[in-house]
Amino acid sequence: MTKDPSAEKTVAIHWLRACFILGLPHEIRGGSVFVGRSTLPMNADLDSQTTRSPHVNAHDLRNRIVRNMLESRCLDERLILSQQYGLGHFWTGGPGEEAFNSCLGALLNPGRGPDFDFLLPHYRSSAIALMAGERSIDFIRQMLGRETDPYSQGRNFANHFCNADRNLGPVSSPVNSQFAFGLGTARAQLNSRGITVVVGGDASTHQGDFASLLIWSTRPGNNLPILIVITNNGIGISTTYESQHARPSIVDRAEAFGIRTATVDGLSVDDSYSTLEHAFEYVRTERKPFFVEARVSRLFGHASSSGAHREADAEDPLDRESPPVEWRAEIEERLCREVEQVLAEPPVEGSSAELFVWGNPRRWPPSLKRSA
Amino acid sequence: MATIAQAIRLALRYAEQELGVRNIFGQDVGPPLGGAFTITQGLDSAWNSPLDERGIVGTAAGLAMMGETCVCEIQFGDYIFNTVDLLRLIGNTCWATRGQFPMPMVLMAPVGAGRHGGIYHSHSIESILSHLPGWKIVMPSNSRDAYGLMVTAILDGNPVAYLIPKALALSPAQALEGEPVNLKERINAPVKGRENWRPDWPEIPAFSVPIGKLDRRREGDRLTVVSYGRMIGIVESAIEQISESRVDGHIDLLDLRTLVPYDMDGLTASVRKTGALLVVNEDSEQTNFGEHLIRVVSEATSPRTAVLLGARHLPGVGLSQSLEDHTVPTVDRVAKALDHMLPGTD
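One line per chain: the protein sequences are A and B, in this order.
Per the working numbering, the very first residue in the first sequence carries number 1; after that it's consecutive.
Per the working numbering, the very first residue in the second sequence carries number 1001; after that it's consecutive.
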């Protein structure tokens, strides 16, 4: 009997989709479909596919934070799988930073305009966004390049989120530009209640915009309300911190500008929250910069380009919290359904690349004469 | 007659009074200097930034992300190169965020040669900027356009590079409607004793000049000449060198005014009429923005000839007069090109 190559290919694609939807690790995709789901409850009380978890088991702040950590982790694991199954193109994200980032997101005051906090994140900041109200399904849409991707309509990498209605500024792959942009968002907030929060990694401080940030935010008589956050995971892609930094800590550089600083164990919810709470309060009231260096882990490498494999030596912040197993089951089940929904949504059309090149003009003053 | 610098200053005054512009900034933009070319003297919103082009551009971008239109200045176009990746990000931010973050901002930069600026005060940067999608680029050649284009750039809602032909900035160029005869005394800061000086702003009826529309400076049927900025005056002087009978009614001189988005309808209508195109600018001739204009217009109109006259592709514009004349188009070189391209001279 002759084999039909196209039929084989179709079967293979369906098989890959099924493995991805069910969240099977790439290494076992040749095994039973049900191996990966045997521990999941099949009738969990789930949220709607299109709304993020309201933290059904969370009755206090700590539970919200820990559950957000878990949701962020599960989401990144699913995004990594999508790349491994060839359904998504590239992954980079922040597993290992969830404790610190979830605390930061909990303290953020999201909304539109200068009276709300403005976040300029980097691509490891998704736990902040989830805590601030973003939805996991939208991260999946971006990863899979769907028309429905609200962040970039299929234009940008995974975890490059933004939401103007929440003052969540765009993530740019060239790191350190957020430090320069934060100078402007903070200036716009000089006479407002909001503050700017800029987040970067330790390697991004090698670049010049980090120096600009320290200089501009501390000009005499012109201090800017900026919370400067560096999540230090000790490595920039493949280059170790120790090989590039003469000083053991980045806060030294901020202190040289008279900026208040704190170094925090970013794997600890308690330490992270209390430090950030103080830092937020200081910037809000003093309208001056504050610098926080958080020591965090990098659990899955820099990006999918280096395999996104679990790094055995890196400490996992979730190990300190031991969230209830049913939380993971609920989140996984919801992500499973969200993935299924997103896969059914249309991929982005090539012609949509022509959209949004220009923004709309401002309101034209009625009295202004138009000349030919 | 208002200089280009004064015209921009008056437009910025209107912008801070009526258009909500609260931040006009850059190196030396605030008092006491008010800009290397005096453009921002006396403005309430003008302030001095650190000498840091990336900080200047980044601040403008952040204000734009917050929805606040500002006007920033890079003191000379030559100093913009260390900001190119930020400019690229600014240009793609509206697109990359699905329209969530349009970037309303104006970036001013004096450009071009003609003032013996030497290697680092003579660059033209429009060709490089034209490779950054999402930016609009304008360059006035006279005071009236300088005023109107600035007003429109501020209202445009997108990042606009406003290029100032530095050699023209301080020369009286064109009277604005309602301009007082003593404009200089009223709005130019004195050289000495400016600590307590305040400008006496005249009432100038505000007006705009549309982005994307060229201005026909001279009408003719045999040769289309497209130029902008300082080169408009050079072309006009070159035309005067040629006998009137050869040029009268034969040269369609178009001041592009907006480089991106350029006035394709205006360009093609002219070249269809004349069948010949000469583009004159002072940017380096290799991968010059004018080459793009020639390609798109040629594809649309199939002219019998199309020529670019730009600056020689050299590492810089030398300081000495002889080096500058050798490098950028001069009146004589333009006149020679015109003479060659006008029919009947082959």
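Quick reminder that beta carbons are idealized off the backbone N, C-alpha and C, glycines included.
For residue i, does the count of other Cβ atoms within 10 angstroms reach 16, so buried, or fall short, so exposed?
i	result
A:W364	exposed
B:D1346	With a pLDDT of only 44 at B:D1346, under the threshold of 50, the placement of this residue in the model should not be trusted, and no figure is reported.
A:H122	buried
B:V1138	buried
A:V86	Inspection of the sequence shows that residue 86 of chain A is occupied by Gly rather than by Val. Exposed, because fewer than 16 other Cβ atoms sit within 10 Å of the Cβ of A:G86.
A:I237	exposed
A:N360	exposed
B:P1315	exposed
A:H373	There is no way to answer for residue 373 of chain A, as the model of chain A reaches only from 1 to 372.
B:M1105	buried
A:H160	buried
B:G1030	buried
B:S1243	exposed
B:K1184	exposed
Return yes when the C-beta of residue i is under 7 Å from any heavy atom of the ligand NAD, and no when it is not.
i	result
A:F181	Although the ligand NAD was asked about, the structure shown includes no ligands whatsoever.
How many Å lie between residue i and residue j at the Cα?
i	j	result
A:G221	A:D319	45 Å
B:K963	B:L1278	The requested residue 963 of chain B is not part of the displayed model; chain B covers only 1001 to 1346.
B:S1143	B:I1164	11 Å
A:L276	B:A1015	40 Å
A:E354	A:S268	45 Å
A:S152	A:S305	21 Å
A:R260	B:F1081	33 Å
B:V1226	B:V1160	21 Å
B:L1254	B:V1317	26 Å
B:R1088	B:H1131	9 Å
B:D1325	B:W1095	42 Å
B:G1077	B:T1083	11 Å
A:I21	A:P347	17 Å
B:I1008	B:T1258	16 Å
B:G1193	A:F210	38 Å
A:R337	B:H1123	57 Å
B:I1211	B:T1287	24 Å
A:R52	A:S125	Unreliable placement is indicated for A:R52, whose pLDDT of 38 sits below 50; the coordinate value is still reported in the next sentence. Roughly 17 Å between the two C-alpha positions.
B:V1151	B:R1098	27 Å
B:H1313	A:D76	50 Å
A:P248	A:N232	11 Å
A:R78	A:E326	18 Å
B:G1134	B:Y1228	21 Å
B:A1046	B:N1023	6 Å
A:A18	A:S82	11 Å
B:L1319	B:H1250	36 Å
B:L1223	B:S1298	14 Å
If I follow the unbroken alpha helix (DSSP H) through residue i, where does it start and stop?
i	result
B:Q1006	I1004 to E1018
B:M1139	Taken as a continuous stretch (DSSP letters only), B:M1139 belongs to no alpha helix (DSSP H), as it is neither H nor E.
A:T275	V269 to E286
B:Y1147	S1143 to L1155
A:L208	In the sequence on display, residue 208 of chain A carries Gly and not Leu. Taken as a continuous stretch (DSSP letters only), the alpha helix (DSSP H) holding A:G208 covers G208 to W216.
B:A1060	E1053 to M1065
A:A254	V251 to E255
B:S1227	Careful: B:S1227 lies outside any alpha helix (DSSP H), inside the beta strand (DSSP E) at L1223 to S1227.
B:F1076	B:F1076 -> no alpha helix (DSSP H), and no H or E assigned at all.
B:T1301	F1289 to T1301
Where do the ends of the beta strand (DSSP E) carrying residue i lie?
i	result
A:F118	F118 to L120
B:N1281	A1276 to S1284
B:C1072	C1070 to E1073
B:A1311	T1305 to A1311
A:F179	Segment S177 to A188 is the alpha helix (DSSP H) holding A:F179; no beta strand (DSSP E) there.
A:E293	F290 to R295
B:N1048	A1046 to N1048
A:R260	R260 to D265
Give me the chain C residues within the contact set of residue i, using Cβ-Cβ distance strictly less than 7 Å, ordered along the chain.
i	result
B:L1063	In the displayed structure, chain C is absent; the protein chains listed are A and B.
The region 1221-1233 of chain B: which residues have C-beta closer than 8 Å to a C-beta of chain A, in chain order? For the region 1221-1233 of chain B, the set of positions with a beta-carbon nearer than 8 Å to some beta-carbon of chain A is empty.
Contact set between the region 134-157 of chain A and chain B, restricted to residues whose Cβ is under 8 Å from the partner: Of all residues in the region 134-157 of chain A, the ones placed with a Cβ closer than 8 Å to any Cβ belonging to chain B are D149, P150, Y151, S152, Q153, R155 and N156, in chain order.
Against chain A, which members of the region 1196-1219 of chain B pass a CB distance test of less than 8 Å? Here the close residues are P1205, A1206, F1207, S1208, V1209, P1210 and K1213.
Could you say if the region 177-191 of chain A and the region 130-148 of chain A meet the contact criterion of at least three C-beta pairs nearer than 8 Å? No, the region 177-191 of chain A does not touch the region 130-148 of chain A.
Please list the residues of the region 194-206 of chain A that have a C-beta atom closer than 7 Å to any C-beta atom in chain B, keeping them in chain order. So nothing in the stretch comes that close.
What are the residues of the region 103-126 of chain A that lie near chain B, defined by any Cβ-Cβ distance shorter than 9 Å? Here the close residues are R112, G113, P114, F118 and L120.
Which residues of the region 219-234 of chain A have a Cβ closer than 8 Å to any Cβ of chain B? Give them in chain order. Correct list: R219.
Pull out every residue of the region 1112-1129 of chain B whose Cβ sits closer than 7 Å to any Cβ of chain A, in chain order. Correct list: empty, as no residue qualifies.
Please list the residues of the region 235-250 of chain A that have a C-beta atom closer than 7 Å to any C-beta atom in chain B, keeping them in chain order. Residues: none.
Interface positions of the region 175-186 of chain A facing chain B (Cβ-Cβ less than 8 Å), listed along the chain: Of all residues in the region 175-186 of chain A, S177, F179, A180, F181, G182, L183, G184, T185 and A186 have a Cβ within less than 8 Å of some Cβ in chain B.
Is the region 296-316 of chain A touching the region 324-334 of chain A, taking contact as three or more C-beta pairs under 8 Å? Contact between the region 296-316 of chain A and the region 324-334 of chain A is absent, with fewer than three C-beta pairs closer than 8 Å.
Three or more beta-carbon pairs under 8 Å between the region 1026-1044 of chain B and the region 1175-1193 of chain B, yes or no? These segments touch.
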